[in-house]
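Here the numbering used here = 1-based position in the sequence shown + 426. Working notes for the structure below.
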Amino acid sequence: MADTLFLKFRGDDFEWLIFDSSGRKKTEGFGSASQFNERFEEKFDGRAVFVAPGEEVLLTIANIPSKQYRQIVQAVPYAIEEQLAMDVEECFFSLGSRNINDQVQVAVVERSRIRGWLDRLEALDVEISFMTSEANLLSCDSGISVVIDDDRAHIRWPDGTGMTTSRAGLTLALSAGPRDLPINVSGSELDIDAARMQLSELEASGEALSQRLVNESGFHLLCCEFSGTENNLLQGEFKVEAAVSNAQVVWRSVAVLAVMAVAVHVSALAAQVWYFDRKASEYKAEADALYASVFPKDRNVRDLRRRWKAHLGRSDSSTNEFISLFAVSSRGLSEAGLTLSNVNFNESRGDLILQVIGERSEKLVDFTQQLTSKGLEAEIGTINQDAGTVRGSIKIRSRGVGS
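What follows is the structure, given as structure tokens:
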């Protein structure tokens, strides 16, 4: 897995931390945009998370029974309108998951402020893919979570609401939220000592208070809590399209080519099926026409093969001889430019007489020579010229028959 970069504003400059895939801090820094860019020899290709100032983001909840996302988006602004100190149209509402009470967790921030943050981040050679607030990074599974961060305090309640306030306002902020919950306070020894008065006030009021001292900054503590399930402000109109890696581009191209190849193959098969179906229909029509011309008195013929055998074969041997001669001799009629008009088979002599029609007598001669080359004895019987067409008969027999 790739590294994760966390960024926050610190005055006019930036503060950043980089964690490896196992959650260990690799490096940290502070400086201007140009100093940040100089720290990386190559463009950072991991996940980049911008941690927005907690004072600028309201973390609240909304009771929306509907489960349809579109209806939730439409209802949230009006459900929490009374909690806002500005006009609804000026606010951007980012939807998170539902809390343990099935309430929708919502982060509210001015649209103009998000645009301002994104404008500042444009100076960095990194693409921000996730944006959340400081208080939203706090885990709140058990009791109230508090992180003392220099002269500020980040607070998160179990229902998902949260805020960032001044260290001096910590007691007042906690008194405004749900009571009778354990308060878990984390911070460096220096920060905890600086908040000693506020923590003492909480203990004096009977609050169940636990303290955890760490050797890291408040920003480091918040980043360690990141899980990726937090409310991401980059949604809706601010959604960032995921970057596509070179490998993904290659595999996507391969997939497209594969789909195109399958489509071409299927199209070719469909064309082939259509062609053979058309040819089969043509051959059937020719066979029906031939049968009708030879046996014009037959009607409603269903099994053409059986009817041919019934008409033309008195014995298996004669049937086989006729079919063999007819199969070989009729195969090249269309290519020779001849049309079959009648068929006669002399069983006793083994002669097959084909009555054909063509444009010129040369076509009959060529067809006769073609049959001879196939091992048959073929000769022209009669030729009659009639109005631009030639009618003739060709006598065919197998070699050795009757000789």
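Note that beta-carbon positions come from the ideal geometry of N, C-alpha and C, so glycine has one too.
Original post:
Would you call S741 buried or exposed, if buried means 16 or more other Cβ atoms sit within 10 Å of its Cβ?
Top reply: Residue numbering aside, residue 741 sits at position 315 when the sequence shown is read from its first letter. Low local confidence applies: a pLDDT of 46 at S741 is under 50, so the model's placement there is unreliable, and no value is given.
Subject >> For D812, the residue or residues it bridges with in DSSP >> reply: Position 386 of the sequence shown, counted from the start, is the residue given in the question as residue 812. In DSSP, D812 forms a bridge with T815.
**OP:** Using three-state DSSP, classify G763 as helix, strand or coil.
**Re:** Reading the sequence shown from its first residue, position 337 is the one you call residue 763. G763: coil per DSSP, three-state reduction.
Original post:
Once you ignore the five residues that flank E441 on each side, which residues in its own chain have a CB closer than 6 angstroms to its CB?
Top reply: Stepping through the sequence shown from its first residue, residue 441 is reached at position 15. Excluding residues within five positions, the ones whose Cβ falls inside 6 angstroms are K434 and F456.
Original post:
Are the stretch 470-489 and the stretch 549-569 touching by the rule of at least three beta carbon pairs closer than 8 angstroms?
Top reply: yes
Original post:
For R539, which of helix, strand or coil comes out of DSSP?
Top reply: For the purposes of this step, residue 539 is taken as residue 113 along the sequence shown, with counting starting at 1. Helix, per DSSP.
Original post:
Secondary structure at F752, three-state DSSP: helix, strand or coil?
Top reply: If you number the sequence shown from 1, residue 752 lands on position 326. Correct three-state label for F752: helix.
**OP:** Along the beta strand (DSSP E) that carries V640, what are the first and last residues, could you check?
**Re:** Working through the sequence shown from its first residue, we reach residue 640 at position 214. Segment L635 to V640, the beta strand (DSSP E) holding V640.
Original post:
Given a threshold of 16 other Cβ atoms within 10 Å of its Cβ, counted over all protein chains shown, does F580 qualify as buried or as exposed?
Top reply: Numbered from its first residue, the sequence shown carries residue 580 at position 154. One detail in the question is off: residue 580 reads as His in this sequence, not Phe. Classification for H580: buried.
Original post:
How many Å lie between T591 and G472 at the Cα?
Top reply: In the sequence shown, counting from the first residue as 1, residue 591 sits at position 165. In the sequence shown, counting from the first residue as 1, residue 472 sits at position 46. Between T591 and G472, the C-alpha separation is close to 31 angstroms.
Original post:
Where V680 and T587 are concerned, what is the direct C-alpha to C-alpha distance, given to the nearest angstrom?
Top reply: Counting from one through the sequence shown, the residue named residue 680 turns up at place 254. Counting from one through the sequence shown, the residue named residue 587 turns up at place 161. Spanning the two alpha carbons is a distance of roughly 47 angstroms.
Original post:
So, are the CB atoms of A561 and V530 less than 8 angstroms apart?
Top reply: As a position in the sequence shown, residue 561 is number 135, starting the count at 1. As a position in the sequence shown, residue 530 is number 104, starting the count at 1. Contact flag unset, no.
**OP:** Thinking S571 and N610 are a contact (beta carbons under 8 angstroms), I'd like their distance in whole angstroms, please.
**Re:** As a first step, residue 571 must be located in the sequence shown, where it is residue number 145. As a first step, residue 610 must be located in the sequence shown, where it is residue number 184. Between N610 and S571 the Cβ distance is about 5 angstroms, and since that is below 8 angstroms, they are a contact.
**OP:** Pair every Cβ in the stretch 643-653 with every Cβ in the stretch 536-552, then say whether three or more of these pairs are closer than 8 angstroms.
**Re:** no
**OP:** Assuming V816 and L790 form a contact by the criterion Cβ under 8 angstroms, report the distance between their Cβ atoms to the nearest whole angstrom.
**Re:** Reading the sequence shown from its first residue, position 390 is the one you call residue 816. Reading the sequence shown from its first residue, position 364 is the one you call residue 790. Confirmed, about 7 angstroms.
**OP:** Could you work out which residue in S774, S799 and L766 is closest to I371 when comparing CA atoms only?
**Re:** The structure shown has nothing for residue 371, since the chain only spans 427 to 829.
Original post:
Going along the chain, which residues of its own chain have a beta-carbon closer than 6 angstroms to the beta-carbon of L802, five neighbours each way excluded?
Top reply: As a position in the sequence shown, residue 802 is number 376, starting the count at 1. Contacts found: I822.
Original post:
On the three-state DSSP scale, how would you describe R740?
Top reply: Sequence index remark: in the sequence shown, residue 740 carries index 314 (1-based). Any reading at R740 must be qualified, since the residue scores a pLDDT of 47, below 50, and its modelled position is unreliable; the value itself is stated next. R740: coil per DSSP, three-state reduction.
Original post:
Where DSSP assigns a beta bridge to V572, which residues make up the other side?
Top reply: As a first step, residue 572 is located in the sequence shown; it is residue number 146 there, counting from the start. Paired residues: I581 and V611.
**OP:** Can you check DSSP and say which residues form a bridge with G588?
**Re:** As a first step, residue 588 must be located in the sequence shown, where it is residue number 162. L485 and R582.
**OP:** Determine the DSSP secondary structure at T794, reduced to helix, strand or coil.
**Re:** Counted from its first residue, the sequence shown places residue 794 at position 368. Residue state, collapsed to three classes: helix.
Original post:
Going straight from the alpha carbon of G758 to that of R733, what length do you get?
Top reply: Here the question's residue 758 lines up with position 332 in the sequence shown. Here the question's residue 733 lines up with position 307 in the sequence shown. The straight-line gap from Cα to Cα measures roughly 23 angstroms.
Subject >> For D792, the nearest candidate out of N772, Q781 and L764 (CA to CA) >> reply: Along the sequence shown, read from residue 1 onward, the residue named residue 792 stands at position 366. It is L764 whose Cα lies nearest to the Cα of D792.
Subject >> Straight-line Cα distance separating S631 from A620 >> reply: As a position in the sequence shown, residue 620 is number 194, starting the count at 1. As a position in the sequence shown, residue 631 is number 205, starting the count at 1. Approximately 19 angstroms, taken between the alpha carbons.
Original post:
Can you name the residues that DSSP bridges to F440?
Top reply: If you number the sequence shown from 1, residue 440 lands on position 14. In the DSSP output, where bridge partners are listed per residue, F440 has F435 and G457.
Original post:
Where does G833 fall in DSSP's three states?
Top reply: Beyond the ends of the chain as shown, which are 427 and 829, falls residue 833; an answer cannot be given.
**OP:** Report, in whole angstroms, the separation of the C-beta atoms of E507 and V514, which I expect to be a contact under 8 angstroms.
**Re:** Here the question's residue 507 lines up with position 81 in the sequence shown. Here the question's residue 514 lines up with position 88 in the sequence shown. Right, the Cβ-Cβ distance comes to about 6 angstroms (below 8 angstroms), so this counts as a contact.
Original post:
Do you know whose CA, among Y495, F470 and M512, lies nearest L484's CA?
Top reply: One-based indexing of the sequence shown puts residue 484 at position 58. Taking only the C-alpha atoms, the option nearest L484 is M512.
Original post:
Between R537 and N658, what straight-line distance do the alpha-carbon atoms span, to the nearest angstrom?
Top reply: If you number the sequence shown from 1, residue 537 lands on position 111. If you number the sequence shown from 1, residue 658 lands on position 232. One C-alpha to the other measures close to 14 angstroms.
**OP:** Let me know if L431 comes out buried or exposed under the rule of 16 or more other beta-carbons within 10 Å of its beta-carbon.
**Re:** Translated into the one-based positions of the sequence shown, residue 431 becomes position 5. Buried, because 16 or more other Cβ atoms sit within 10 Å of the Cβ of L431.
**OP:** Entirely within the stretch 514-558 and at least 4 residues each: give me those alpha helix (DSSP H) ranges in chain order.
**Re:** 537-547
Original post:
E642 to V573, Cα distance in whole Å?
Top reply: Locating residue 642 in the sequence shown gives position 216, counting from the first residue. Locating residue 573 in the sequence shown gives position 147, counting from the first residue. Going by the C-alpha atoms only, they are around 11 angstroms apart.
**OP:** Give every residue of the same chain whose Cβ lies closer than 8 angstroms to the Cβ of Y717, excluding the five residues on either side of it in the sequence, and list them in chain order.
**Re:** Against the sequence shown, residue 717 aligns to sequence position 291. D724, V727, L730, R733 and W734.
**OP:** Identify every residue that forms a DSSP beta bridge with F445.
**Re:** The count along the sequence shown starts at 1 and reaches residue 445 at position 19. BP columns for F445 point to T430 and K451.
Subject >> Ranges of the alpha helix (DSSP H) found wholly within the stretch 662-723, counting only runs of at least 4 >> reply: 672-720
Original post:
Of all the options A713, L596, L443 and F664, which has the alpha carbon lying nearest to the alpha carbon of S756?
Top reply: For the purposes of this step, residue 756 is taken as residue 330 along the sequence shown, with counting starting at 1. For the residues A713, L596, L443 and F664, the minimum Cα distance to S756 belongs to A713.
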